[in-house]
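Everything below concerns the one structure shown next.
In the numbering used here, the protein residues as written are 28 to 376.
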């Protein structure tokens, strides 16, 4: 279940959850917190909004003129299996469904496409069916991962850049939000297309706050959360998927060629290390790299280290577990591997 305030505003520790937790703990301790008498009973109403939802999204992204595309969709037994047949019906799209049956036990795989293990079935199915693209939704379909015609994943950073270019081309806004561990290609491409990139901390609450503050038209994260001003600044995997489908269907190149322009660098993905003294390990890494005066540091979220050749890495401590999260990006695979292994050795030794 996902809860939000009016206008899809997020609910967090600073907007009521902390008080609810306190009240709940008091109730468990025998304090009659919730036994108050209300002056009038509330009401419950039920409304099927799927048709309106579909119409609204199709009004934002027109797919009717697309070339015919074969699309494999892995709904992961989550909500995508309920929404895709309605939103993407009656279009020049041949949908090959995978795991569309709603089943909260998730019998085929976890509905979390951020884990590469959960993309394996889709990666095999796309070339097997001769499809143009594959889409993998998470359980509530607010995230989407994209697989090209070869069965290779398209990075969420590349999708962020692609959608940002499309939103900028509409001429309805210039500000694009991205978190600090998306690829450097994202702000570069945004600037090249006349936009203003704004870098934020990792997490939906920070993205949404910056979108509200700057009136940004779009925002993207490395985790495949995509946020749209036209969708109440909320994240929607479906709308992002429709943008990718539209971009693919408007031209003749395969998806791998289309997205190559948005994939400029080599990235490690997020690597977790269990540590006892996260702050101490981060300090040791900073000291080691600080010997070179050309290296720059920032602490917007954890520690980001930028090296003279443009490579960078970020170390962030988990808020809930004894983990350090490492992300590395470099001009090529060899350089990325070199930096990754060097930092991991310091973190894990």
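Glycine included, every Cβ here is placed at the ideal spot set by N, Cα and C. Bear in mind that the values here come from a model prediction, so they are computed numbers and not experimental data.
Counting along the chain, residue 270 sits inside the alpha helix (DSSP H) bounded by residues 264-276. For residue 92 and residue 110, the gap between their C-alpha atoms comes out near 21 Å.
In the assembly as shown, residue 356 is a buried residue. Its beta-carbon has 16 or more other beta-carbons within 10 Å. If you keep only unbroken beta strand (DSSP E) runs of at least 3 residues inside the stretch 291-325, you get 298-301, 323-325. When DSSP states are grouped into helix, strand and coil, residue 133 belongs to the coil group.
Comparing alpha-carbon positions, the option among 210, 323, 106 lying closest to residue 363 turns out to be 210.
Positions of the beta strand (DSSP E) runs, each at least 3 residues long and wholly inside the stretch 121-197, are given as 160-164, 171-174 in order along the chain. If you draw a straight line from the Cα of residue 163 to the Cα of residue 117, it is about 21 Å long. Taking all protein chains in view, the Cβ of residue 150 is crowded by 16 or more other Cβ atoms within 10 Å, so the residue is classified as buried.
Around residue 97, the same chain offers 121, 123, 156, 157, 158, 159 as residues with beta carbons nearer than 7 Å, after the five sequence neighbours per side are excluded. Nearest to residue 138 by C-alpha distance, out of 152, 114, 171, is 171. With 16 or more neighbouring CB atoms inside 10 Å of its own CB, residue 161 falls in the buried class. When C-alpha distances from residue 237 are compared across 256, 55, 335, 376, the shortest belongs to 256. Relative to residue 101, the option among 48, 301, 146, 249 whose CA is nearest is 146. Here the alpha carbon of residue 198 sits roughly 31 Å from the alpha carbon of residue 167. With the rule of 3 Cβ pairs closer than 8 Å, the stretch 225-233 counts as touching the stretch 312-332.
Apart from the 5 residues on each side of it in sequence, residue 40 has no Cβ closer than 8 Å to any other Cβ in its chain.
DSSP places residue 357 in the uninterrupted beta strand (DSSP E) bounded by 350-357. One Cα belongs to residue 334, the other to residue 266, and the distance between them is close to 36 Å. Excluding its 5 nearest sequence neighbours in each direction, residue 136 has C-beta neighbours in its own chain below 6 Å: 145, listed in chain order. By alpha-carbon distance to residue 208, the top candidate from 134, 140, 107, 294 is 294. As the crow flies, the alpha-carbon of residue 289 is around 30 Å from that of residue 36. About 5 Å separates the CB atoms of residue 342 and residue 309; that is less than 8 Å, so the two are in contact.
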